[in-house]
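Data block below; observations after.
Number of protein chains: 2
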Amino acid sequence: MTTSTDRDQQIQKLRELIADIDSGMLTTVDDNGSLHSCPMSTNGQITSDGVLWFFIYGSSHKATEIEHNQQVNVSFVSPDRQRYISVSGTAQLVKDRNKMQEQWKPQLQTWFPKGLDEPDIALLKVTMDKADYWDGQSSFKPQTIS
Amino acid sequence: MTTSTDRDQQIQKLRELIADIDSGMLTTVDDNGSLHSCPMSTNGQITSDGVLWFFIYGSSHKATEIEHNQQVNVSFVSPDRQRYISVSGTAQLVKDRNKMQEQWKPQLQTWFPKGLDEPDIALLKVTMDKADYWDGQSSFKPQTIS
Ligand SMILES: Cc1cc2nc3c(=O)[nH]c(=O)nc-3n(C[C@H](O)[C@H](O)[C@H](O)COP(=O)(O)O)c2cc1C
Chain A
1 MTTSTDRDQQ IQKLRELIAD IDSGMLTTVD DNGSLHSCPM STNGQITSDG VLWFFIYGSS
61 HKATEIEHNQ QVNVSFVSPD RQRYISVSGT AQLVKDRNKM QEQWKPQLQT WFPKGLDEPD
121 IALLKVTMDK ADYWDGQSSF KPQTIS
Chain B
1 MTTSTDRDQQ IQKLRELIAD IDSGMLTTVD DNGSLHSCPM STNGQITSDG VLWFFIYGSS
61 HKATEIEHNQ QVNVSFVSPD RQRYISVSGT AQLVKDRNKM QEQWKPQLQT WFPKGLDEPD
121 IALLKVTMDK ADYWDGQSSF KPQTIS
């Protein structure tokens, strides 16, 4: 059994692993069942309850896919360090202005030139169900957090 | 309309983009619909008809997932160059010894210490249905190959 303290420590470990990785690859499933990935800027953070936050255009193709199928994967890769992380999660669009203010980072301006004044801006909340990570060349089998 | 020559050129472009990326993240869907990724060594190659080959253990969890759901995604990331590639494809296990001999690379020994003498070794053939790539910081919208 995983006690809550174990899980806290594991999420802490995950946070360290992704801390300096700028973008994750978000994989979503479309209505035909095919899988697409796209890069999404992270703020290198995962909350203590296992949530990743992204900014997204509410009317984008990706957002529509997620409304139809909430199961997603976010992978983080740091090839130099042979670090590979898979976060399986459930995604949800959130249009909470306060939360946006809290999560906003200036470097997101590249993707959202109008910043929080962008009318179509939304948050994508990914709640981790399970994570696997491979850290360093020697790790054939992943470490798993669930 | 995409003519076959266009497609040839696009696949050539894709080949250049992934040539020096050692591993891709393979995302598969399990029976509950949740999405998992894991790193897979590539030989940096995609054939002219859009096929990626990987080596896999035939009895692995991943292989079973693929037997149940053939839709997969392989993403390639080179953070230094801001290069992000998504290949949506259909996967299939192939146990053809000649093909294995053709695809084998010595560096795969890390994952398959017995090499081609490993009884459980199999090939995973991913046939590209669609690819998207982002090459360089400025590209918000991907280039698409289908
Ligand atoms: C490094 C990088 C980071 C990105 N970060 C984001 C992001 O945080 N939010 C976002 O909506 N799009 C981001 N994009 C663009 C998306 O990957 C995607 O191309 C865009 O959202 C269009 O998606 P759509 O095809 O679903 O409409 C980023 C692209 C790159 C290359």
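Chains A and B are the protein sequences, given in the same order.
Be aware that the first sequence starts at 1, since it is given in the working numbering, and climbs by one per residue.
Be aware that the second sequence starts at 1, since it is given in the working numbering, and climbs by one per residue.
The C-beta atom is built at its ideal place from N, Cα and C for all residues, glycine as well.
Starting from residue i, find everything on chain B with Cβ-Cβ shorter than 8 Å and list it in chain order.
{"i": "D8(A)", "result": "In chain order: nothing, as chain B lies at least about 23 Å away."}
{"i": "P119(A)", "result": "Per Cβ cutoff of 8 Å: no residues; P119(A) is ~17 Å from chain B at best."}
Near residue i, which residues of its chain fall below 8 Å by C-beta distance, leaving aside the five closest residues on each side in sequence?
{"i": "L17(A)", "result": "F76, R83, I85, Y133, D135"}
{"i": "D129(B)", "result": "S88, G89, T90, S146"}
{"i": "L123(B)", "result": "W53, F54, F55, I56, L93, V94, K95, D96, K99, M100, Q103"}
{"i": "V51(A)", "result": "K125, V126, T127, M128"}
So which residues on chain B does residue i lean against when the C-beta distance must stay under 9 Å?
{"i": "P106(A)", "result": "Going along chain B, no residue has its Cβ under 9 Å from P106(A), so there is no contact; the nearest lies around 15 Å."}
{"i": "F140(A)", "result": "T110, W111"}
Which of the three DSSP states is assigned to residue i in this structure?
{"i": "K99(B)", "result": "helix"}
{"i": "K141(B)", "result": "coil"}
{"i": "Q45(A)", "result": "coil"}
{"i": "K114(B)", "result": "coil"}
{"i": "I21(A)", "result": "coil"}
{"i": "P79(B)", "result": "helix"}
{"i": "D135(B)", "result": "strand"}
{"i": "S59(A)", "result": "coil"}
{"i": "K105(B)", "result": "coil"}
{"i": "D6(A)", "result": "helix"}
Across which residues does DSSP place residue i in a beta bridge pair?
{"i": "K130(B)", "result": "S88(B)"}
{"i": "K125(B)", "result": "W53(B), Q92(B)"}
{"i": "Q71(A)", "result": "T90(A)"}
{"i": "L26(B)", "result": "C38(B), V74(B)"}
Give a yes or no on whether the C-beta atoms belonging to residue i and residue j are separated by under 9 Å.
{"i": "L35(A)", "j": "T144(B)", "result": "no"}
{"i": "N73(A)", "j": "V94(A)", "result": "no"}
{"i": "Q92(A)", "j": "K125(A)", "result": "yes"}
{"i": "N69(B)", "j": "W53(B)", "result": "no"}
{"i": "M25(B)", "j": "M25(A)", "result": "yes"}
{"i": "D30(A)", "j": "E65(A)", "result": "yes"}
{"i": "I21(B)", "j": "S48(B)", "result": "no"}
{"i": "D120(A)", "j": "S59(A)", "result": "yes"}
Please compile the residues from chain A whose C-beta is within a distance smaller than 9 Å of the C-beta of residue i.
{"i": "Y84(B)", "result": "S23, M25, S37, C38, P39"}
{"i": "D132(B)", "result": "H36, S37, C38"}
Near residue i, what residues of its chain come up, given a Cβ to Cβ distance below 6 Å and the 5 sequence neighbours on each side ignored?
{"i": "D148(A)", "result": "Given a span of 1 to 146 for chain A in the structure shown, any question on residue 148(A) remains unanswerable."}
Give the interface partners of residue i over in chain A, defined as CB-CB distance under 7 Å, in chain order.
{"i": "V77(B)", "result": "M25, V77"}
{"i": "G33(B)", "result": "Q71"}
{"i": "S88(B)", "result": "S34, L35, H36"}
Counting only Cβ pairs nearer than 8 Å, list the residues of chain A close to residue i.
{"i": "S60(B)", "result": "Those do not exist, as S60(B) stays about 11 Å from chain A at its closest Cβ, beyond 8 Å."}
Going by beta carbon distance, what residues of the same chain come within less than 7 Å of residue i, once the five residues before and after it are set aside?
{"i": "S37(A)", "result": "M25, L26, T27"}
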